[in-house]
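Q: As they're listed, the protein sequences go chains A and B.
All you need for our numbering is the position in the first sequence, starting with 1, plus 13.
All you need for our numbering is the position in the second sequence, starting with 1, plus 397.
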Amino acid sequence: EAGVAQSPRYKIIEKRQSVAFWCNPISGHATLYWYQQILGQGPKLLIQFQNNGVVDDSQLPKDRFSAERLKGVDSTLKIQPAKLEDSAVYLCASSPQGNYGYTFGSGTRLTVV
Amino acid sequence: RKEVEQDPGPFNVPEGATVAFNCTYSNSASQSFFWYRQDCRKEPKLLMSVYSSGNEDGRFTAQLNRASQYISLLIRDSKLSDSATYLCVVSAYNQGGKLIFGQGTELSVKP
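1. Which of helix, strand or coil does DSSP assign to B:Y448?
2. Indicate whether the contact test is met: 3 or more Cβ pairs, each with one atom in the segment 82–97 of chain A and one in the segment 29–36 of chain A, closer than 8 Å.
3. Exposed or buried, what is A:I25 when buried is set at 16 or more other beta-carbons lying within 10 Å of its beta-carbon?
4. Compare the C-beta of A:V86 against all C-beta atoms of chain B and say whether one is closer than 8 Å.
5. Candidates A:P74, A:N65, A:K28 and A:G66: which alpha carbon is nearest A:Y48's?
6. Along the segment 457–470 of chain B, what residues have a CB closer than 7 Å to any CB found in chain A?
7. Going along the segment 473–507 of chain B in order, which residues come within less than 7 Å of chain A, judged by CB to CB distance?
8. What is the DSSP secondary structure of B:K399, counted as helix, strand or coil?
9. Assuming B:P411 is part of the beta strand (DSSP E), what are its boundary residues?
10. Please compile the residues from chain A whose C-beta is within a distance smaller than 7 Å of the C-beta of B:P441.
11. Look at the alpha carbon of B:K399 and the alpha carbon of A:V67, and state the distance between them as a whole number of angstroms.
12. Is there contact here, the segment 409–426 of chain B with the segment 469–480 of chain B, by at least three beta-carbon pairs under 8 Å?
13. What number of angstroms, rounded off, separates the C-alpha of B:S505 from the C-alpha of A:L104?
14. On the DSSP letters alone, give me the boundaries of the beta strand (DSSP E) that B:G494 sits inside.
15. For B:S429, which residues in chain A fall below 7 Å Cβ to Cβ?
16. Indicate whether the contact test is met: 3 or more Cβ pairs, each with one atom in the segment 452–467 of chain B and one in the segment 418–438 of chain B, closer than 8 Å.
17. In chain order, what residues of the segment 43–71 of chain A put their CB closer than 9 Å to some CB of chain B?
18. Please report how far the alpha carbon of B:T458 lies from the alpha carbon of B:P508, in whole angstroms.
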């Protein structure tokens with residue numbers, strides 16, 4: 014079974030620039046999550062999709078972050094404009110349903126300079 | 398108060414040692430509990446689920462105390478390969494099944 018695919022693996026941008034991350038979940042997984050993991054901390058949920066609908070985006074900084082999951086498959090997370098404190102690993106995860114069968118992608122490491 | 402709090406690390410132990418990690422959670426509606434392992438610069442991976450009666454998987458034993466909202470992980474006979482960060486994770490059905498992570502406890506097993 015193919016895993017959760019994310020790209021790019023690494024990204025370095027200057028503050029105030031824009032950046033986008035892509036995630037392709039495991040085939041058939043209805044739920045998709047984006048997490049932010051700052052160095053030395055545990056992953057923090059940014060947004061949860063069920064198919065192509067948003068279930069929870071309460072911790073997404075909506076003034077600068079946006080995410081979509083068109084057609085209920087792939088997802089894109091965008092930051093515009095980026096701040097220094099956005100430097101983190103952005104992890105995408107998917108699950109068939111609920112909290113079991115969670116699989117994480119290898120993440121995108123973002124450095125904002 | 399954080400939803401999930403873990404022992405601050407790092408833990409540095411010799412091979413063969415027994416090490417225990419503790420975790421508390423604040424949401425009494427939490428119904429699913431896990432320990433995840435995260436190797437350096439890698440994604441988190443499920444180590445084991447934690448059941449109310451406690452459960453064991455080889456050298457790893459997990460315990461849950463719902464009354465105290467406390468979770469533990471015991472690693473016996475530590476191996477060099479156990480060096481990683483251990484994440485305590487909870488989930489509540491009233492939160493759509495999302496996983497809430499603790500900050501992690503780093504373990505370093507030395508020869």
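Even for Gly, the Cβ is constructed at its ideal location relative to N, Cα and C.
A: Answer, in terms of the structure:
1. Residue state, collapsed to three classes: coil.
2. Yes, they touch.
3. exposed
4. Not closer than 8 Å to any Cβ of chain B, the Cβ of A:V86 fails to qualify, so no.
5. If we check each option's Cα against that of A:Y48, A:P74 comes out closest.
6. none
7. Against chain A - using a Cβ distance shorter than 7 Å - the residues of the segment 473–507 of chain B are L484, S488, G493, G494, K495, L496, F498, G499, Q500 and G501.
8. coil
9. F408 to P411
10. P56 and F117
11. 24 Å
12. The segment 409–426 of chain B, when compared against the segment 469–480 of chain B, does touch it at the 8 Å Cβ threshold.
13. 24 Å
14. Element bounds for B:G494: n/a, residue is neither H nor E.
15. Correct list: N112.
16. yes
17. T44, Y46, Y48, Q50, G53, Q54, G55, P56, K57, L58, Q61, Q63, V68 and D69
18. The C-alpha of B:P508 is placed about 23 Å away from the C-alpha of B:T458.
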